[in-house]
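Trainee:
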Amino acid sequence: MEVLLEEGYAGLTYAKVAVRAGENKSLISYYFGSKQGLVAAVADRIGELITAEVLTKLRDVDSVENITGGLVAGVWKVMDDDQRVARLYFDLSAASVVDDRIREALHEVKDRWRQVISGYLATAGVPESEVPPLSTFLMAGVSGLAIERLEGYEPERLEAARQIFIRAAASLG
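For any residue, its number in the working numbering is found by taking its place in the sequence shown, counting from 1, and adding 71.
1) Considering only residues of the region 78-144, which uninterrupted alpha helix (DSSP H) runs meet the minimum length of 4 residues and lie entirely inside it, listed in chain order?
2) How do the region 125-137 and the region 88-101 stand: do at least 3 beta-carbon pairs fall below 8 Å, yes or no?
3) Quick one, are the C-beta atoms of L205 and V197 less than 8 Å apart?
4) So, does the region 236-243 touch the region 139-147, judging by three or more C-beta pairs under 8 Å?
5) Quick check: the region 157-166 against the region 183-195, are at least 3 beta-carbon pairs closer than 8 Å?
6) Could you tell me if S242 is buried or exposed, where buried requires 16 or more neighbouring beta carbons within 10 angstroms of its beta carbon?
7) Could you tell me whether the Cβ atoms of A112 and A157 are closer together than 8 Å?
8) Among the candidates Y101, E119, Y102, whose CA atom is the shortest distance from the CA of E179?
9) Can you tell me whether DSSP reads M72 as helix, strand or coil?
10) Please report the Cβ distance between A240 and A176, rounded to the nearest whole angstrom; I am assuming they are in contact, meaning their Cβ atoms lie under 8 Å.
11) When the Cα atoms are used, what is the spatial distance from E225 to G215?
12) Three-state secondary structure (DSSP) at G215?
13) What span of residues does the alpha helix (DSSP H) with S167 cover, start to end?
What follows is the structure, given as structure tokens:
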């Protein structure tokens, strides 16, 4: 994972992973099967890291407003701890457009996320028919805010956008 965090998808090679892991390059290749297999394993791990951190921020999930605020706070915490994690997630998202294996791995990560978010939305009383589109809205909105944060534009404007997003989501639930 460290090689991908440092080098990004384009800079990933078996040789770099082998050196970092203190293993033989052939062993890395054998274990993961392909570069895409290695990336899929890392995507899964990144998803677990982000999910674990976000879950610590999801408290009092009795309203869409609290759920949305917790989602954003959790992603912000991940970015505060190590911004490379968010950069890698978006790097892999870009690669997934042209690589089926990476796309499948990210779909699995996102599907797990949707299940978590959907469970909280159902608990908050969101009508069953609105849970799937609202969970997609929340995921897309949080991703968009995270990209804006990574780009580092005007923190005051980003904070205002975050608050508007939370209010908008609350109005839908």
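Each residue gets a CB set at the ideal place from its N, CA and C atoms; glycine is no exception.
Predicted model, so just to flag it, every value in this text is computed and none were measured.
Mentor: Looking at the atomic coordinates:
1) Within the region 78-144, the complete alpha helix (DSSP H) runs of at least 4 residues are 85-92, 96-103, 106-128.
2) Cβ pair count under 8 Å is below three, so no.
3) Taking 8 Å as the Cβ cut-off, L205 and V197 qualify as a contacting pair.
4) Contact between the region 236-243 and the region 139-147 is established, with three or more Cβ pairs separated by less than 8 Å.
5) In this structure the region 183-195 does not lie against the region 157-166, because fewer than three pairs of beta carbons, one per stretch, are closer than 8 Å.
6) With fewer than 16 other Cβ atoms within 10 Å, it is exposed.
7) In this structure, A157 does not lie closer than 8 Å to A112 by Cβ.
8) Checked all of Y101, E119, Y102; the closest Cα to E179 is E119.
9) In the three-state reduction of the DSSP assignment, M72 falls in the coil class, being assigned neither a helical nor a strand state.
10) Rounded, the Cβ-Cβ distance is 27 Å, inconsistent with contact.
11) Annotation: E225 to G215 spans about 15 Å, alpha carbon to alpha carbon.
12) G215: helix per DSSP, three-state reduction.
13) The continuous alpha helix (DSSP H) containing S167 extends over residues 154-167.
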